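Chains as they are written, first to last, in my numbering: chain A, 1297 to 1396; chain B, 27 to 345; chain C, 15 to 434.
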Amino acid sequence: MGSRAKGGGQDRYRPEFEWDEHNEEKLLLRHNVSALEAEQCFANPHTARRHGDDLLMLGVTDEGRMLFLVYEQKPGGVVRVYSAREMTDKERRTYRRHAR
Amino acid sequence: MSSDRRDSLLDADWSTAWDTLPEAPALVPRPKTAQITLRVPASLLARIKTVAAARSLPYHALARSWLVDGLRNVREPEPAGVASDEPQAEQLNIKLDQEVLDHLKVRANELRRPYHRLAREWIETALGREEESLGIDASPRRPPIKDLMVLLLHTPGKDGTAVRGTTRLQKLLFVIEQKLAAESTSFYAFNYGPFNEEVNDAAHALRLAGFLSGAEPTGAGPPSFAEMMATAVERSGPRDEVDVEEYALNERGHAAAERLRQSSHAYEQLYAYVRSLREEWDTPDLIDRVYETYPKYTERSLIRHKVTKRLDSRRSHDL
Amino acid sequence: MNRTPLHHMVRIRRTDDLTFVRAGIMDEIIVNANQLENSPDSTATALRQTTLPFTVDPVLYRFQLPQWWRNEKGKSKRNYARLGAAYVKDTNIQITAGPLVETVPNDDEWCILAANVLGYQRSRLLQMPTQLDLLNEDHGRELHPVRLVAPALVAVSATEDRINRLLVEASAGAAAAPIAVPMIVPLDRLQDARERDRVLATVPTDGISSYFLWTPGVTEELLLSDREIFDAVLCLIGTLADRGIPVGHLHGNYVIAALHDLGVSAVVHHLGWIDKGEPVEQQRGGLRSCQTYVPGVRHCVRFEQANSLGRTLDADAYAERYCECAFCAGSFSAGEHPLDLLLEDQYVPFEDGRGRRTPTGRAVALNTWHYLLSRRLEMQAFSNLPAVDVIDRDMERAAALAGSRDTSRLRRLATQLHSA
């Protein structure tokens, strides 16, 4: 069983993440999002959708940064995050409507 | 899926489309243990293994302990200084509890540094401290004699790549080392001028590894009769003249030398330099020139007078 | 009766010995630490090629007397200087200033020295590989010795006994696992029962994985001709073996291998086939004498005698009486008589007009293979059969090859074993 994440007061499982130096550095240096911040989005209330082969998430970090993430879920449920940015204002409203 | 393609998804505003998209699959809980994979240069991994051996510990466990200690430390790691251009060709896999990995990510987030890089820096910092306490000197010094020898034997000489005679091999490597790092030379004045027993050791190691002509790598099991005879063939018999040993790389040796040459920019430059030195110094009067240029190393030579006489005679002839 | 296999260990004394290191014809290699300092790279390369387990003999006793580590000009040999420096790290010991017993100021320094010696064995062969090594796909195997050996001095007197006990205890404390302990007993103390007991008291039982005995000056001829010496050696072996800890012999010959049933678990021998009684100090230079090992009589003989014993034998008779090793068998298969190869010699003139004959370089190499393979067969024989059966068979063989004169040695051994 996975560890319970903080935030939201709901039972929420943390998945296993696949980070290597390439995607971790790229996320931080190009998009200013740390691996921890990306993972926090999965642990905190979020909403996620499928767009073709891609998975999209609107989530929030422990510090309250509201992020849009592009990720993939590999066999076994391992998550690899590819890209991230701050949400737009409209996406924030979407997040508040859908986040669980 | 290309990275650029995924990045392009950031350009759109997804608020409108969100309601029309299907839900993403549910998340799968993570296991209790995790692993971090660090890419490191081969030399760094070798240094970790050396310290681990000296401490009688498995090297993965040692690296993990350094990482955990680094996390407990309030101070930031001290990065190693100028990064080498050595490729990060090796992997160091460290198993951790999820909590420890989480802690690492928290610290990385505070410092706004990638956590892989932070982990590597903590390991490098701890490695440096351990090497110091064990008295292991890992600082880059003069290139090892064996590597210089392989590069030398890979360069073209006047008659192919081989070097004829142990004396010539010793003197050529001496000159190369003098030009590269005279202050930390391993050569000393001996019976026939500058000498270094590392040269003989390196040549023997290359022979045992099957890199020199006439040598195959030693087999793993009992020797065949042919293999036993092969060890004897290169030694002298009763009617042989005193053979001058020839040092030449075989195909395997040249392939290894080429890999070495291409392993980094530094080694490419080193090869070019060794090549130019060989062109300049691998002449019939090599011994005389070494005696003339480096007299300090000829003080104990048994043939010093003979060489001096020859040099004097040449000078007076030139006059 | 001890029927576990006799562990066959080969000692590497010189760089050239590395040529002969091969799995299948030995069980383990033991490398002298001074040789390791002489040729670290080629030693490491040879060990990696074979996958054989290895041990490093720290040879601390070589620092007991200056003539053992100094050259003819009185200067420290470079490999010993490097070795000594590694051993005395973080101490005040000037190891090459004089006899070791006089240069170590106190017990604390002996303990640090012991720890350094163990650390040296653990890590010397792991020191930084070169870039060439790292790129070489065969470089993978890490070289960890299969056992750690406590440093030991030749037990000359009660002074060395006390130090040896201290070294063993300090080593046991510094090691993470049980250690091997050498016992180097000089001939004069070996012959005195009380002195033997004093030396035995220096080696504890706890924390010890194996004992390795050495009796400098005790040749095989001495063991066979002097019953008291034979019994003394047997007494040492038996007393140690009774502790339930394996006992090896650091310079074992045929007679020592025959004691497998009486407590010897491992035999170490070097690659020279002439029995010089294994003095502690290194042998200096000199031309090799024209002698070869004849398995048929179980000792070395001069070339002329070997020639007369074996030259006229055909392949079958040779294998039956003289030697059945893979080298000799291979020679016949290749159409050559092995003695043509083994007995090749040359005349070497000296400056004073005299000279002598010596084996050629080729003959030395081939004699080394022949000797090594013969010893291997001998170890296997003592592993598989009771010693008295092996000796009986060898006596028959010696009689068939050389007549009754060469069976007396073996008969004496059989008698001594029967009454042991």
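Using N, Cα and C, we set each Cβ at its ideal position, and we do this for glycine too. Fair warning: this is a prediction, and the values are worked out from it, not measured in the lab.
Rounded to whole angstroms, what's the CA-CA distance from residue i to residue j? Just pull it up for me.
{"i": "B/L70", "j": "C/R179", "result": "40 Å"}
{"i": "A/D1295", "j": "B/A43", "result": "As shown, chain A starts at 1297 and ends at 1396. That puts residue 1295 of chain A outside it, with no answer to give."}
{"i": "C/V46", "j": "C/Q394", "result": "Residue 46 of chain C is actually Asn in this sequence, not Val. Each residue's alpha carbon lies about 25 Å from the other."}
{"i": "C/I126", "j": "C/N93", "result": "21 Å"}
{"i": "B/R190", "j": "B/L179", "result": "11 Å"}
{"i": "C/L356", "j": "B/H280", "result": "36 Å"}
{"i": "C/R28", "j": "B/L144", "result": "47 Å"}
{"i": "B/A68", "j": "C/Q141", "result": "14 Å"}
{"i": "C/G369", "j": "C/H284", "result": "28 Å"}
{"i": "C/R411", "j": "C/A343", "result": "17 Å"}
{"i": "B/E136", "j": "B/L130", "result": "10 Å"}
{"i": "B/P321", "j": "B/K332", "result": "14 Å"}
{"i": "C/K91", "j": "C/T64", "result": "29 Å"}
{"i": "B/R65", "j": "B/H142", "result": "9 Å"}
{"i": "C/L264", "j": "C/I43", "result": "12 Å"}
{"i": "C/N267", "j": "B/I62", "result": "54 Å"}
{"i": "C/I270", "j": "C/D211", "result": "21 Å"}
{"i": "A/D1385", "j": "B/P57", "result": "36 Å"}
{"i": "B/L160", "j": "B/E223", "result": "26 Å"}
Quick one: is residue i near chain C, going by C-beta distance under 9 Å?
{"i": "B/R65", "result": "no"}
{"i": "B/T257", "result": "yes"}
{"i": "B/F251", "result": "yes"}
{"i": "B/P170", "result": "yes"}
{"i": "B/Y323", "result": "no"}
{"i": "B/P248", "result": "yes"}
{"i": "B/Y317", "result": "no"}
{"i": "B/T76", "result": "yes"}
{"i": "B/R285", "result": "yes"}
Exposed or buried, what is residue i when buried is set at 16 or more other beta-carbons lying within 10 Å of its beta-carbon?
{"i": "C/L167", "result": "buried"}
{"i": "C/I288", "result": "exposed"}
{"i": "C/V278", "result": "buried"}
{"i": "B/A270", "result": "Residue 270 of chain B is actually Val in this sequence, not Ala. So B/V270 ends up on the exposed side."}
{"i": "C/T429", "result": "exposed"}
{"i": "B/R88", "result": "Before going on, a small fix: residue 88 of chain B reads as Leu here, not Arg. Label assigned to B/L88: buried."}
{"i": "C/S137", "result": "buried"}
{"i": "C/Y307", "result": "buried"}
{"i": "B/P48", "result": "exposed"}
{"i": "B/P310", "result": "exposed"}
{"i": "B/D227", "result": "buried"}
For chain B, is any of its Cβ atoms less than 9 Å away from the one on residue i?
{"i": "C/I39", "result": "yes"}
{"i": "A/A1395", "result": "no"}
{"i": "C/R136", "result": "yes"}
{"i": "C/Q108", "result": "no"}
{"i": "C/S53", "result": "yes"}
{"i": "A/G1360", "result": "no"}
{"i": "A/P1341", "result": "no"}
{"i": "A/V1356", "result": "no"}
{"i": "A/M1297", "result": "Reliability of the predicted coordinates at A/M1297 is poor, the pLDDT of 29 falling under 50, and no value is obtained from them."}
Apart from the five residues on each side of it in sequence, which residues of its chain come closer than 7 Å, Cβ to Cβ, to residue i?
{"i": "C/M15", "result": "Confidence at C/M15 is low in this model, with a pLDDT of 48, below 50, so the placement of that residue should be treated as unreliable; the coordinate-derived value is given next. Only D275 and P400 meet the Cβ criterion."}
{"i": "A/E1387", "result": "L1354 and F1364"}
{"i": "C/T117", "result": "I107, Q108, I109 and A111"}
{"i": "B/V94", "result": "V126"}
{"i": "C/D408", "result": "R312 and L424"}
{"i": "A/S1330", "result": "L1324"}
{"i": "B/V108", "result": "Caution is warranted here: a pLDDT of 46 is assigned to B/V108, below 50, making its placement in the model unreliable, and the coordinate value is therefore given only provisionally. For B/V108, where only same-chain residues beyond five positions count, there are no Cβ hits under 7 Å."}
{"i": "B/Y85", "result": "I74, K75 and A78"}
Looking at residue j and residue i, is the spacing between their C-beta atoms short of 9 Å?
{"i": "B/Y218", "j": "B/Q196", "result": "yes"}
{"i": "C/S223", "j": "C/I193", "result": "yes"}
{"i": "B/A241", "j": "C/A379", "result": "no"}
{"i": "C/E295", "j": "C/V232", "result": "no"}
{"i": "C/E123", "j": "B/A79", "result": "no"}
Would residue i pass as an interface residue toward chain F - the criterion being a Cβ-Cβ separation below 9 Å?
{"i": "B/L144", "result": "Of the chains in the structure shown, none is chain F; the protein chains are A, B and C."}
Against chain A, does residue i count as a neighbour if the rule is that its beta carbon must be under 9 Å from one of theirs?
{"i": "B/T49", "result": "The question names Thr, yet the displayed sequence has Glu at residue 49 of chain B. So, interface residue."}
{"i": "B/L35", "result": "yes"}
{"i": "B/N135", "result": "yes"}
Could you name the residues of the same chain whose beta carbon sits closer than 6 Å to that of residue i, not counting the 5 residues immediately before and after it, in chain order?
{"i": "C/F244", "result": "L237 and Q430"}
{"i": "B/N276", "result": "S239"}
{"i": "A/V1375", "result": "P1311, F1313, Y1367 and Q1369"}
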